[in-house]
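So the sequences go chain by chain: A and B.
Under the working numbering, the first residue of the first sequence is numbered 1053, with each subsequent residue one higher.
Under the working numbering, the first residue of the second sequence is numbered 128, with each subsequent residue one higher.
Glycine included, C-beta positions come from ideal geometry on N, C-alpha and C.
All figures in this text were calculated on a predicted structure; none of them were measured in a lab.
A short worksheet on the structure shown next.
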Amino acid sequence: MSIAASTAETLEPIEDREELESVVIRFAGDSGDGVQVSGGQLTQVTAIAGNDLATFPDFPAEIRAPIGTTYGVSAFQINFGARRIRTAGDQPDVLVAFNPAALKVNIGDMPGGSLVILDVGTFSDRNLKKAGYEANPLEDHSLDNFRVVEIDISKRTLDSVEAFGLSQKQSLRCKNFWTLGLVYWLYSRNRQPTIDWLNEKFGKLPGIADANIAAINAGHAFGETAELGEEIKGYFVPPAEMPGGLYRTVTGADALAYGLVAGAKLSGLKLFLGSYPITPASALLHVLAGMKEFGVTTFQAEDEISAVCCAIGASYAGSLGITSSSGPGIALKTEAIGLAVSTELPLIIVNSQRSGPSTGMPTKTEQSDLYQAVYGRNGDAPVPVLAASSPADAYDTAAEAVRIATKYMTPVFLLADSYIINAAEPWLIPDVETAPHHKVEFRTDPEGFHPFLRDEKTLARVWALPGTPGLEHRIGGLEKDYDSGNISYDPENHHRMTMVRKAKIDGIADDIPLQTIALGSEDDSVAVVGWGSTYGPINRAVDDLRVEGMAVAHIHLRHIWPLPRNLGELLSSFEHVLIPEMNTGQLLTLLRSEFLVPAEGLNNISGLPFKTTEIKDAVRKILEG
Amino acid sequence: MNVATKIDPLKAKDFASDQEVRWCPGCGDYAIIKAMQKTLADIGATREFTMFVSGIGCAARFPYYMSTYGFHTIHGRAAAVSTGIKLAKPEMDVWVVSGDGDALSIGGNHLLHLLRRNVNLQFLLFNNEIYGLTKGQYSPTSRIGTRSPSTPLGSVERPLSACQFALGAGARFVARSVDTQQKHLPGIFQRSWEHQGTSFVEILQNCIVYNDDVFAEFTAKDVAPDRQVHVTHGEPLIFGADQDKGLRVDTKRLALEVVSIGENGVTESDILVHDETNPTLATMLAGMEPPDFPVAMGVLYCDPAPTYDESVLAQVEDAQERVPDADLNEYLRRGHTWTV
């Protein structure tokens, strides 16, 4: 791609087009229908059009489930608007369903009166049966509540790409771009960036690029020329007001990778990632594997344990060791994380959380590994825990994790989740040099050296690189003597070492920002407190409620352990504390036990992000009794 | 591998740390550490570029007794930690010290992949056919019928051959020796050090407390010459106190057989000549067991191949050469961007 920045297009309102403040579109089809690709392209052109946006890709666990079945349905939702967008949207305004199964799975989420675009070319008896329909929904009036647009997209796609000599199967693969063309017309999006992308992506297969371009143009032309009556007309979504600067879109996986690379660079270390493939965490391995020019080494290990152990070995040898996984993989790494605690080596453990327990729902999001991160080790083994709150926030949170790991010589948990990893949003590109960091200085002086000499202030031990003459030392998981670093079974020494390891982590609270209030103030009655990817829905809900005049504030934690010094006092200033979580109440338990605060939980364990209405209803219930 | 640059080369005792050695009196590990310290002096190693990495077990205490860099990790994972060390700092000369439980039971998967990848380090497996540190349970190399606290009626599992496992995993260097063979062991260590790639060395080590004399049937002085064959590349596979026995290929069965030179018309020219680059021969030699066969000692297999650390780091270096002084700020501003 070219290194060129375009300026957000300032599209003038087009005659006959209705202006919208925001719109939520969901594409749904077979996992082979190219739904995610369409979504990615719509995200790009929408970002370039100057709208704020948030996306939610929702994959099935099966890579290519049997065609036409409900469990093979893949979906992509985007919310974009002329205002700040904080979630992928509670309810779609538009559903594009590529087959009966996609309709069946998604229609329940559609509000009455919403637009439903169907590829009726796929509504054969066979496909209806596969989707579990007993009657054809096109005929049984079950869709009467919606503005249904029936188009034989399959046939129209075949017609539009006829000239390119592709097989029927290849031709039908262009369906997603025909549909994208129609959606671009509907919301006055510019086709050119997508056409450029197709040329670049399939440049070596000109037939394929040309066919997809023909399809997108045909879909667009269909919108312009077809007499679709009142059901379809063009809309216009003006650009949003955003802080000035240069933007790009970023997924959480991208932002985590960039933040880790920035953190490693600023700390003066090479980055080493040890990882074993697991959904949804593999995305981070993929991004970092493509950044070797920054001195990044990635290692696809034979298992999760090897992945973390290699990272620990790399840290011992003077790199920044990172390991990345999801809950089940993190469980396997637990013993090794204890070794990093005991040997006091920097290590970043990225957990892209997914639904559990056990294998759970691998492609669905959840935030139920907080206990695992804060408490889940044998022995007294405190580890700092940070959580990213959005795809873009993952960058700063990752750099902050590197700062803490290197400054305090400790493993650090960096929590994301399936939603953050896969979702995209516009990102005001930062200056890398301004990221949080700690410049590492290795010990070189043999005078008075032992490996567990500590910095008086941070209590971090010295970091001596193998290969340094005179600093030869042995470390391991056995308890060490406080004054020499040699093995020690002395009872008092073990107590002292346990307490110093704890004090070191507790002390980090003095080196992190005081907790701020994202929306509202201490004078409000209700504090809605969140962590991780609930940021968007909580913020939107609280914003809306405040517009209604409700005394509600939003507090969102990045630092889960140790907690900010002022948090207990801050929470005590509210009459009510509500903690929405995609688990049964893990932060709730933590805050209750730390601060004895009478907080209450709001729990959604569906594998899907919160809807803003769920949070609004819970706050109203508190305030209105 | 590092080369000593000091004017006064270090002596064997210079590689001993100030920590008191805490193995049981009479443990075979004493002999092994002595051979190792001699080897390091012989090869002119430096303390700062030499490193011992271990898992858990009696043998795993080894790093604490050496004056080099050392990492006593967790059970079975020394191979994995070492891979990270070699990828982060390939100039370190890494020796992994492991046992039969550590390497072949809890750490079997890591050893398999270490060997398959061919990470450039030496992997020493102290095989005493027993779990010593946990007080005497049978191990994956214990023979059928081994009575132990967890198998009071005798173990029923078939034992694993460490060297055959290594060869099966794709090891490019496989050798075997015995703790007490002080003339043999340093030479094997030196060969393993010279080899580029993962050098796998099985050391038959006597556990005086829980499995005493388990190897005596072929290591006792009076029987050793007749029950061991010391293999040397290019030399005939002859053994015996009188050097009158040898190994020959029975072509009808494609198997080795023991023959006596001078009997039934057998001459020295009938005896198989050791070729350490032949993996099939190495596998046959590794599988020889008493009483029908002598136990093979020495370098059974050595055939270098590209090492994992070199290949991985070459990709990183190539990427850095293609994009010299890669600038993350510039990287983040590539592709589709827009200004508000």
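Worksheet item: Would you call the CB atoms of A1450 (chain A) and G1311 (chain A) closer than 9 Å?
Response: Yes.
Worksheet item: What are the residues that DSSP puts in a beta bridge with I1100 (chain A)?
Response: Its beta-bridge partners do not exist; DSSP assigns none.
Worksheet item: Quick one: is S438 (chain B) near chain A, going by C-beta distance under 9 Å?
Response: By the rule that beta-carbons nearer than 9 Å mark a contact, S438 (chain B) does not touch chain A.
Discussion item. Give me the subset of the stretch 178-196 of chain B whose CB atoms are less than 7 Å from a CB atom of chain A, sorted by chain position.
Written reply: Interface annotation for the stretch 178-196 of chain B against chain A: M178, P190, Y191, S194, T195 and Y196, criterion Cβ-Cβ distance under 7 Å.
Item to complete: With DSSP as the reference, please indicate the residues paired to I1203 (chain A) in a beta bridge.
Response: Beta-bridge partners assigned by DSSP to I1203 (chain A): A:D1171.
Fill in: Interface residues of chain B facing L1298 (chain A) [CB-CB closer than 7 Å]
Here the neighbours are R460, T464 and T466.
Worksheet item: What's the call for F1494 (chain A), buried or exposed, on a 16-neighbour Cβ count within 10 Å?
Response: Exposed, by the Cβ-count rule.
Worksheet item: Given I1137 (chain A), which residues of its chain have a CB within under 6 Å of its CB, disregarding the five upstream and five downstream residues?
Response: The residues are D1104, L1105, A1106 and N1131.
Practice prompt. Give, in chain order, every residue of the stretch 204-215 of chain B whose Cβ lies closer than 7 Å to some Cβ of chain A.
Written response: For the stretch 204-215 of chain B, which is checked against every Cβ of chain A, the residues closer than 7 Å are R204, A207, V208, S209, T210, G211, I212, L214 and A215.
Discussion item. Can you tell me whether Q1093 (chain A) is helix, strand or coil according to DSSP?
Written reply: Helix, per DSSP.
Discussion item. For V422 (chain B) and E256 (chain B), what's the separation of their Cα atoms in angstroms?
Written reply: If you take the alpha carbons of V422 (chain B) and E256 (chain B), they lie about 16 Å apart.
Worksheet item: What residue does the beta strand (DSSP E) around D340 (chain B) start on, and which one ends it?
Response: No beta strand (DSSP E) contains D340 (chain B), which DSSP labels as neither H nor E.
Practice prompt. Express the C-alpha separation of N245 (chain B) and V1213 (chain A) in angstroms, rounding to a whole number.
Written response: Rounded to whole angstroms, the gap between the alpha carbons of V1213 (chain A) and N245 (chain B) is 51 Å.
Practice prompt. Could you name each continuous alpha helix (DSSP H) segment of 4 residues or more that falls completely within the stretch 289-355 of chain B, going from the start of the chain to the end?
Written response: Qualifying alpha helix (DSSP H) stretches, in chain order: 289-295, 312-321, 343-346 and 351-354.
Worksheet item: Excluding sequence positions up to five away, which residues of its chain have a Cβ less than 7 Å from the Cβ of K1673 (chain A)?
Response: Short of 7 Å from the beta carbon of K1673 (chain A), and not among the five residues preceding or following it, lies no beta carbon of its own chain.
Discussion item. Would you say L374 (chain B) lies against chain A (beta-carbon separation less than 9 Å)?
Written reply: Not one chain A Cβ lies under 9 Å of L374 (chain B).
Discussion item. Would F250 (chain B) and C185 (chain B) qualify as a contact pair, given that the criterion is a beta-carbon distance under 9 Å?
Written reply: The answer is no: Cβ separation not under 9 Å.
Worksheet item: Can the beta-carbon of T1417 (chain A) be found less than 9 Å from the beta-carbon of S1407 (chain A)?
Response: Yes.
Worksheet item: Listed in chain order, which residues of the stretch 1515-1534 of chain A have Cβ atoms closer than 8 Å to some Cβ of chain B?
Response: So the close ones are L1517, P1518, G1519, T1520, P1521, G1522, L1523, E1524, H1525, R1526, I1527, G1528, G1529 and L1530.
Worksheet item: How about L294 (chain B) and V301 (chain B): are their beta carbons less than 9 Å apart?
Response: In this structure, V301 (chain B) lies closer than 9 Å to L294 (chain B) by Cβ.
Fill in: Y1239 (chain A): first and last residue of the uninterrupted beta strand (DSSP E) it sits in
Y1239 (chain A) -> no beta strand (DSSP E), and no H or E assigned at all.
Discussion item. According to DSSP, is D1110 (chain A) part of a helix, a strand, or is it coil?
Written reply: Three-state DSSP puts D1110 (chain A) in a strand.
Worksheet item: Going along chain B in order, which residues have a C-beta closer than 9 Å to the C-beta of Q1352 (chain A)?
Response: Within 9 Å Cβ-Cβ: nothing; Q1352 (chain A) doesn't reach chain B, min ~10 Å.
Practice prompt. Identify every residue that forms a DSSP beta bridge with D1211 (chain A).
Written response: Bridge partners of D1211 (chain A): none, in fact.
Discussion item. Strictly by DSSP, which residues pair up with V1146 (chain A)?
Written reply: A:I1077 and A:L1167, per the DSSP bridge assignment.
Worksheet entry | Assigned secondary structure, Q1088 (chain A) (DSSP; H/G/I helix, E/B strand, else coil) | Q1088 (chain A) falls in the helix class under three-state DSSP.
Item to complete: Count the other C-beta atoms from every protein chain shown that fall within 10 angstroms of the C-beta of N456 (chain B), then say buried if there are 16 or more, exposed otherwise.
Response: Exposed: under 16 other Cβ atoms inside 10 Å.
Practice prompt. Within the same chain, show all residues whose beta-carbon is closer than 8 Å to that of D353 (chain B), passing over the 5 residues directly before and after it, in chain order.
Written response: Same-chain partners within the cutoff: F366, G367, A368, K372 and P421.
Worksheet item: Are the C-beta of E1396 (chain A) and some C-beta of chain B separated by less than 9 Å?
Response: For E1396 (chain A), the closest Cβ of chain B is not nearer than 9 Å.
Item to complete: Can you say whether H1547 (chain A) is buried or exposed, counting buried as having 16 or more other CB atoms within 10 angstroms of its CB?
Response: Exposed, because fewer than 16 other Cβ atoms sit within 10 Å of the Cβ of H1547 (chain A).
Practice prompt. Can you tell me the Cβ-Cβ gap for I1169 (chain A) and V1125 (chain A), rounded? I've got them flagged as a contact below 8 Å.
Written response: That pair is no contact at about 16 Å.
Worksheet item: Closest by CA to T121 (chain B), which one among B:L408, B:N333, B:S326 and B:V328?
Response: Because chain B is modelled from 128 through 467, residue 121 (chain B) falls outside the range shown and cannot be assessed.
Fill in: Beta-carbon contacts of I1569 (chain A) that lie in its chain and below 6 Å, excluding the five residues immediately before and after
Listed in chain order, the non-local C-beta contacts of I1569 (chain A) below 6 Å within the same chain comprise A1605 and I1607, local neighbours out to five positions each way being set aside.
Practice prompt. Could you name the residues of the same chain whose beta carbon sits closer than 6 Å to that of G1326 (chain A), not counting the 5 residues immediately before and after it, in chain order?
Written response: The residues are F1351, A1353, A1359, C1362, A1363 and T1375.
Worksheet item: Which residues, taken in chain order from the stretch 1354-1367 of chain A, show a beta carbon closer than 7 Å to some beta carbon of chain B?
Response: Residues are counted here when their Cβ sits less than 7 Å from a Cβ of chain B; for the stretch 1354-1367 of chain A these are E1354, D1355, I1357, S1358, C1361, C1362, A1363, I1364, G1365 and A1366, given in chain order.
Worksheet item: Apart from the five residues just before and just after G1286 (chain A), which ones in its own chain have a Cβ nearer than 7 Å to its Cβ?
Response: Only residues of its own chain outside the window of five on either side were considered, and among them I1066, D1068, R1069, W1237, L1238 and S1240 have a CB closer than 7 Å to the CB of G1286 (chain A), listed in chain order.
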